[in-house]
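Presented below is the structure to which this report refers.
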Amino acid sequence: LLCSSSKFFQAATKDEWDALRPGDQKQTVTVEFEPDLFKSYVHWLYSGTIPRPDNDEPSFDYYEYLARLYVMGEEIMDISFKNVLLENFAAMTLRGSNNGTHRYPGRTTICIIYQGTIKESPLRRMVVGMYSALARENWHFQGLPEEAMVDILRAMAQRRP
């Protein structure tokens, strides 16, 4: 099941790698992921859905969870998984809370994304688009990665007439 969607697991379990592994490590792939994240990945493989919090309210914690899952998706090279996570990010942003306010990815989420993805990452583009179009002066920009700030400023400059 792991090999059905992940290019990493497909490559790691190829027979030709056996010749390169020491005798007792044949067919052993050692990777380390946070257990809760990997459990969520397996849940997605079986159900096609990402586990959601009980209250279903947009929250900084859930954005951080989605970002960590996305970074894991980068590591295991699973495009389908990452696309589902992008959809979840977008849905979370569009869904307002019960009091009608919207919550956007916070500083910790942006740091997770920028530390774990490549420059051309669709998730980076998504959060840069959110910040460049929707940011308000009361948002906390202190502590954002410098690369994120540059990307956001460039995107804001491109939006200007």
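Okay, so the sequence shown: first residue is 600 according to this note's numbering, each after it adds one.
Just so it is clear, CB atoms sit at the ideal spot from N, CA and C, and this is done for glycine as well.
Contacting residues, own chain, Cβ-Cβ under 7 angstroms from V670 (five flanking each side not counted): Translated into positions along the sequence shown, residue 670 becomes position 71. Excluding positions up to five away in sequence, the list reads I711, G715 and T716.
With DSSP as the reference, label E746 as helix, strand or coil. The count along the sequence shown starts at 1 and reaches residue 746 at position 147. Helix at E746.
How many angstroms separate the CA atom of Y640 from the CA atom of H701? Taking the first residue of the sequence shown as 1, we reach residue 640 at position 41. Taking the first residue of the sequence shown as 1, we reach residue 701 at position 102. Distance between the alpha carbons of Y640 and H701 is about 27 angstroms.
Cα-Cα separation between A734 and Q757, rounded to whole angstroms: Your numbering for residue 734 matches position 135 in the sequence shown. Your numbering for residue 757 matches position 158 in the sequence shown. Straight-line Cα distance between these residues: approximately 15 angstroms.
How should L722 be labelled, buried or exposed, when 16 other C-beta atoms within 10 angstroms of its C-beta is the threshold for buried? The residue you call residue 722 lines up with position 123 of the sequence shown. Result: buried.
For E746, which of G647, I709 and L684 has the nearest alpha-carbon? Here residue 746 corresponds to residue number 147 of the sequence shown, with the count starting at 1. Of G647, I709 and L684, the residue nearest in Cα terms is I709.
For a test of the three-state rule: what should DSSP assign to Y596, helix, strand or coil? Summary: the structure shown does not reach residue 596, with the chain confined to residues 600 through 760, and so no result is reported for it.
What whole-angstrom Cβ distance do M766 and Y703 have, given they're in contact under 8 angstroms? Residue 766 lies beyond the range of the chain shown here (600 to 760); nothing can be said about it.
Considering S720, what are the terminal residues of the alpha helix (DSSP H) in which it resides? For the purposes of this step, residue 720 is taken as the residue at position 121 of the sequence shown. From DSSP, S720 is part of no alpha helix (DSSP H); its letter is neither H nor E.
Between I649 and N682, is the Cβ-Cβ spacing less than 8 angstroms? Along the sequence shown, read from residue 1 onward, the residue named residue 649 stands at position 50. Along the sequence shown, read from residue 1 onward, the residue named residue 682 stands at position 83. Their beta carbons are not under 8 angstroms apart, which means I649 does not touch N682 by this criterion.
Rounded to a whole number of angstroms, what is the C-alpha to C-alpha distance between E663 and T707? Here residue 663 corresponds to residue number 64 of the sequence shown, with the count starting at 1. Here residue 707 corresponds to residue number 108 of the sequence shown, with the count starting at 1. Straight through space, the alpha carbons of T707 and E663 are spaced by roughly 7 angstroms.
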